[in-house]
Structure formats: C-alpha cells, structure tokens
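Numbering (mature numbering (1 follows the signal peptide of the UniProt record, and there is no 0)), first residue to last: -21 to -1, 1 to 392.
And the structure:
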C-alpha cells in the first residue's frame, strides 16, 4: 500500500487530466437499488444548482473496495469523490492524497459544520483540516429471523434485550436451541458472510468489546488480552463444538433465510423487503456481566487531490451532507449530525424501521466507539490474515493463535 500511495502521489499531474471538467465520478460500495436511487435524487438537486454538471455513481464490490480504489488512485484514474471506510481513512489521509474540505464546508450556505458530533468527526480531522465528512455512523446490530425463533419456542433478541437478558451467555445457549429446532439452518452468519476474510475484524470486534477488550488501542495489540481470548474462544466453540455459526468454507445467507441471525448495520435493512420472512433488529449482546459496548462502523465522503474538479467535487460533498441531505440518507445511513440524530424525523419517520429500533440505533451511536482504525491498516490486515486462517481450524489453540496475531501486527501498530 505504501508503494501504491507513493506512485499515486507522483501521478497527481497525470490524474488531474483524466476527468471531464463537468463530469464528477463518485465511487461507492453499494449496489442496492434503493441506495443508488436516493443518491441520484440528491445528485439531481446538486445538478439543478450547477447547470451542465453530471454526477455518475460507480459501484465497486465491498469485498475488495479499498484495494480497487487504491489501484485506481495509483493508476491515475481516481474518482473525484469516494466513499471511504473508517479502517482505510488514516492510510489515505497519511498519504496526502485527500483534499481539505473545510474551506468549502464552512462557506457552503446553511451547512453548520459544528453540527457534527466530535466523536463522529474525529477520524476525519487532522489538526485544522477536514479530509472527509461521515455520511454513515452506523452501529452494529443483530438482525434476526423471527420465524426461526418462533419455531424454537424462544424469545427473540429484542424481547430478551428489553428484559436485560440479552448477553453473550444467552446468545450461545439460544444458538444451540435454534439449530436443533431448525434443521439445516445456522444460528449466526458473520457480517456479510465475510467473517473469515474481508470482514474478519467485524467478526471479532463485537464479542471482544462485550468482554471488555479491543482489537488494538494506543499502539498496543489487544488480541491476546484475557478478554479477547475469552471472547474468541467462545466464538471458536460455537463454530466447531456447538456448530451454530456458519463455518469457514460454507455459506449461510441470513437474507435468504438460512441463518437465524447476523451482525450488520442499518443500511442492510434495504434488503429486507425481499427477504420473505418476519424479522427484527436488536442491540448486540452484552458482556456476561451486562456490560454494553456498542460498535460503530463509519464511512465518509472524501475528495481526491488529483481531481480536475476538486472545488466542484467538494461542493458536491457539501450538498450531500447538508442537514436536509443527511435527513434523507438517515433511512439507511445513521447520521453524525446532532440535529438530525435528535429529530422526530429520524426516530419516527423511517419507512423500514420502527421507532423502537431507531431509538436503539440512536442510543448506540451516542454510546458506541468506532471500529479501530490505523494508517497502516492494509498492512495490518495482510499480516493478520494467515494467522487468522490458522485460528479457524477445529484443533487450533485459541490463546496461542491470538498471540501469533499480536506478534505479527505489533510492529505495525
């Protein structure tokens, strides 16, 4: 990745010649028709006030989004604007290839940059500069298949959470009952079915946080902490002993009804209209002692320094993150704007989700912590991957495997 960014920095002049003066390319990692329809509607408002400008959204699959975006940058074909995942943001900022958006945002009519929460903006600021604007500050939540819980005669996660009984111990116990009552089905699928690959940290983080640990913090690896060992051992047991979590090499798509639960974010609610089963959303299970540790996934709009239309691209980002635009986006992407988060429109007017669910989302945003980020996260993930692969074997020593992960990434942290 360092070589890619070095090449990108030296190719800025070449990149600046690639884009049409009135054609803005926006890279996104969603292929959802509902998402793209809304994005294009917001772009229409921008085009109305900028005659002759065209805005084109280009979908890159989420599983290799950051890598392909990096290749575009290195090849002199960077988009003008892009969605940026929280774990990749520090690397792109450190490389010096993102534009400072602050002057444009502060000058944009009725924008109010101060409306964004400080925790929400922390990842995207570097001293006085603003390199991105979060459009999604989305807590990780449990999606569940209500029919499969009813088949097992079980209270669902939302009911258990309301009683204060939705914790990691209960989660493991009911998972066993779910697979017994629903033969051929799984109790849990990791986020987007990618818990062993592209989303490996998204599989680890919720339980590790529930037990009081973290992946890394303040330059120190946390995978080998007692909390992390306890959490990952439980996951390992559920995969290989209980056989309740979809194992490596198999597919258990929650959205097609083959898994009772998955961990995901509000944006995936757009897929539920076609699911064909009764469903619900609940908070993540707490730690054994009832500790809550919501996990936030974040994504922001960024503009590349290489854009031939950098100022126009920055204005597009401003237009798509005004209070009005954020209110529209909030049906899929929970906001970091305080005014929108506290609004009746956010809590009560979501076409897909009930006010109770939206209250859960709002509380998790207020109390949660963003997924750990680092400027060397591509190298960290590459170093982790073979050690994570070794962990997900039936005969693996979980403690030693986690020590090996720390040994591989600590020099990078």
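Even glycine gets a Cβ: it sits at the ideal position worked out from N, Cα and C.
Checklist line | Extent of the continuous beta strand (DSSP E) run through residue 297 | finding: No beta strand (DSSP E) holds residue 297; the alpha helix (DSSP H) holding it covers 289 to 299.
Checklist line | Proximal residues to residue 241 (C-beta, below 6 Å), its chain only, five neighbours per side dropped | finding: 122, 168, 233
Note to self: Quick check on the DSSP output: what are the complete beta strand (DSSP E) runs of length 3 or more inside the segment 94 to 119, in order along the chain?
What the structure shows: 112 to 118
Check: Is the number of C-beta pairs between the segment 21 to 33 and the segment 296 to 304 that are closer than 8 Å three or more?
Finding: yes
Next item on the list: Pull up the DSSP beta-bridge partners for residue 196, would you.
Entry: 199
Next item on the list: Using beta-carbon positions only, say whether residue 356 and residue 67 come within less than 8 Å of one another.
Entry: yes
Checklist line | Enclosing beta strand (DSSP E) for residue 3 [first to last residue] | finding: 2 to 7
Notebook entry, point to check: Which residue from 359, 95, 54 puts its Cα closest to that of residue 321?
Noted result: 95
Item checked: Supposed contact pair residue 118 and residue 273 - C-beta distance, whole angstroms, cut 8 Å -> 5 Å
Note to self: Am I right that residue 264 and residue 141 are in contact with their C-beta atoms under 8 Å? What's the rounded C-beta distance?
What the structure shows: At roughly 13 Å, the Cβ-Cβ gap does not stay under 8 Å, so residue 264 and residue 141 are not in contact.
Next item on the list: Let me know the secondary structure DSSP gives residue 327 once reduced to three states.
Entry: helix
Checklist line | 7 Å CB neighbourhood of residue 185 in its chain, flanking five on each side removed | finding: 119, 242, 263, 274
Margin query: Beta-carbon within less than 6 Å of residue -20's beta-carbon, same chain only, minus the 5 sequence neighbours each way: which residues are those?
Written below: Only weak support is given to the placement of residue -20: the predicted model assigns it a pLDDT of 47, under 50, and the value that follows is read from those uncertain coordinates. For residue -20, where only same-chain residues beyond five positions count, there are no Cβ hits under 6 Å.
Check: How many Å lie between residue 103 and residue 153 at the Cα?
Finding: 40 Å
Checklist line | Continuous beta strand (DSSP E) stretch holding residue 280: start and end | finding: 274 to 282
Checklist line | Residue range of the unbroken alpha helix (DSSP H) whose run includes residue 304 | finding: 302 to 308
Check: My guess is that residue 112 and residue 80 are in contact by the Cβ rule of under 8 Å, so how many angstroms apart are they, rounded?
Finding: 6 Å
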